[in-house]
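*Asks:*
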Amino acid sequence: MDGGGQDLTGLLAAVAAGDRAALRGVYDRQSVRLFGVANAILRDRDRAADALHDAFLNIARRAEQFDPGRGAAEAWLGGIVRHAALDIARRQGREILTDDPALGDAAVDASALDSVAARADGRRLRDCLLALEERNRHGILLAFVHGLSHAQIAARLDQPLGTVKAWIRRGLAQLRGCLA
Numbered sequence: 001m002d003g004g005g006q007d008l009t010g011l012l013a014a015v016a017a018g019d020r021a022a023l024r025g026v027y028d029r030q031s032v033r034l035f036g037v038a039n040a041i042l043r044d045r046d047r048a049a050d051a052l053h054d055a056f057l058n059i060a061r062r063a064e065q066f067d068p069g070r071g072a073a074e075a076w077l078g079g080i081v082r083h084a085a086l087d088i089a090r091r092q093g094r095e096i097l098t099d100d101p102a103l104g105d106a107a108v109d110a111s112a113l114d115s116v117a118a119r120a121d122g123r124r125l126r127d128c129l130l131a132l133e134e135r136n137r138h139g140i141l142l143a144f145v146h147g148l149s150h151a152q153i154a155a156r157l158d159q160p161l162g163t164v165k166a167w168i169r170r171g172l173a174q175l176r177g178c179l180a
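Quick note, in UniProt numbering, the sequence shown goes up one by one and the last residue is 180.
Following this line, the structure appears as structure tokens:
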């Protein structure tokens, strides 16, 4: 429980039941952190605010889908915000996916690292991340912590897009193996 009374899991259950005050409670507790996630992806405060708004509409609509047995409420909320921010970035043409899985252009589930983190204690996750090659770890952190698209990572690292996608894909496979 936090200082405000109900914890996030309880608040999300109340939101699922239609409690608007509970939605406000989630917003009050998480909006600053979630705005930071959206802003890290979009690098534009106005668009980040739009993403946060879209995310809270989705949270209100989908709160019943939250399952505390599958992970932490913070991770679930973060995933919704990441998806909302990435949707805005894609609509504005920052990354055009071909939908060709052979090119690795299938959309990556932005909450993949959150779900891994929710299943493993933080120390174990850090140890597994440190065991990865630097390029794989860096790509994963840029994608899942900082919310950059593959194209943005490729530009930042001055590497071909396919190379960056392969690094992230291999790193995630190694990370899953380490945590298994």
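All C-beta atoms, glycine included, are put in the ideal place defined by N, C-alpha and C.
On the CB-based measure, 16 or more other CB atoms within 10 Å of its CB, does residue 110 come out buried or exposed?
*Replies:* One-based indexing of the sequence shown puts residue 110 at position 110. Because residue 110 sits at a pLDDT of 46, beneath the cut-off of 50, its placement in the model cannot be relied upon, and the point is left open.
*Asks:* So, with DSSP's three-state summary, where would you put residue 158?
*Replies:* The sequence position of residue 158 within the sequence shown is 158, counting from 1. The answer is coil: DSSP assigns residue 158 none of H, G, I, E or B.
*Asks:* Should the region 42–50 be regarded as contacting the region 13–33, the criterion being three or more beta carbon pairs within less than 8 Å?
*Replies:* Taking 8 Å as the limit for Cβ pairs, the verdict is that the region 13–33 does not touch the region 42–50.
*Asks:* Determine, using beta carbons only, whether residue 58 and residue 84 come nearer to each other than 9 Å.
*Replies:* Along the sequence shown, one-based indexing puts residue 58 at 58. Along the sequence shown, one-based indexing puts residue 84 at 84. Yes, the pair counts as a contact, with Cβ atoms nearer than the cut-off.
*Asks:* According to DSSP, is residue 150 helix, strand or coil?
*Replies:* Position 150 of the sequence shown holds residue 150. Helix.
*Asks:* What are the start and end residues of the alpha helix (DSSP H) that includes residue 17?
*Replies:* Here residue 17 refers to the residue found at position 17 of the sequence shown. It is not in any alpha helix (DSSP H) - residue 17 carries neither H nor E in the DSSP assignment.
*Asks:* What does the Cβ neighbour count give for residue 92, buried or exposed, with the cut at 16 atoms within 10 Å?
*Replies:* Residue 92 sits at position 92 when you count from the first residue of the sequence shown. Exposed, by the Cβ-count rule.
*Asks:* At what residues does the alpha helix (DSSP H) containing residue 139 begin and finish?
*Replies:* Stepping through the sequence shown from its first residue, residue 139 is reached at position 139. Unbroken alpha helix (DSSP H) run through residue 139: 134–140.
*Asks:* Which value, in whole angstroms, describes the spacing of the CA atoms of residue 173 and residue 151?
*Replies:* Looking up residue 173 in the sequence shown gives position 173. Looking up residue 151 in the sequence shown gives position 151. Between residue 173 and residue 151, the C-alpha separation is close to 20 Å.
*Asks:* Using only the alpha-carbon positions, how far apart do residue 76 and residue 68 sit?
*Replies:* Within the sequence shown, the letter at position 76 stands for residue 76. Within the sequence shown, the letter at position 68 stands for residue 68. Looking at the two C-alpha atoms, the distance is approximately 9 Å.
*Asks:* Going by DSSP in three states, residue 66 sits in which element: helix, strand or coil?
*Replies:* The residue you call residue 66 lines up with position 66 of the sequence shown. Note: residue 66 maps to coil in three-state DSSP.
*Asks:* What does the alpha-carbon distance come out to for the pair residue 130 and residue 165?
*Replies:* What you label residue 130 is simply residue 130 of the sequence shown in a count that begins at 1. What you label residue 165 is simply residue 165 of the sequence shown in a count that begins at 1. Cα-Cα distance, rounded: 19 Å.
*Asks:* Which value, in whole angstroms, describes the spacing of the CA atoms of residue 144 and residue 12?
*Replies:* In the sequence shown, residue 144 corresponds to position 144, counting from 1. In the sequence shown, residue 12 corresponds to position 12, counting from 1. Taking the straight line joining both Cα atoms gives about 23 Å.
*Asks:* Buried or exposed: where does residue 156 fall if 16 or more other Cβ atoms within 10 Å of its Cβ makes it buried?
*Replies:* Numbered from its first residue, the sequence shown carries residue 156 at position 156. Its Cβ having fewer than 16 others within 10 Å, residue 156 is exposed.
*Asks:* Could you tell me the boundaries of the alpha helix (DSSP H) in which residue 183 lies?
*Replies:* Residue 183 lies beyond the residue range present for the chain, which begins at 1 and ends at 180; the question has no answer from this structure.
*Asks:* To the nearest angstrom, report how far apart residue 153 and residue 128 are at their CA atoms.
*Replies:* On the sequence shown, residue 153 is found 153 positions in, with the first residue counted as 1. On the sequence shown, residue 128 is found 128 positions in, with the first residue counted as 1. Using only the alpha carbons, I get a separation of about 21 Å.
*Asks:* With a threshold of 16 other CB atoms inside 10 Å of the CB of residue 65, please say whether the residue is buried or exposed.
*Replies:* Locating residue 65 in the sequence shown gives position 65, where the first residue counts as 1. Under this definition residue 65 is an exposed residue.
*Asks:* Output needed for residue 9: all residues of its chain with C-beta closer than 7 Å, excluding positions within five of it in sequence on either side, in chain order.
*Replies:* The count along the sequence shown starts at 1 and reaches residue 9 at position 9. Excluding residues within five positions, the ones whose Cβ falls inside 7 Å are 68, 73.
*Asks:* For residue 180, which three-state DSSP category applies?
*Replies:* Locating residue 180 in the sequence shown gives position 180, where the first residue counts as 1. DSSP places residue 180 in coil when its eight states are reduced to three.
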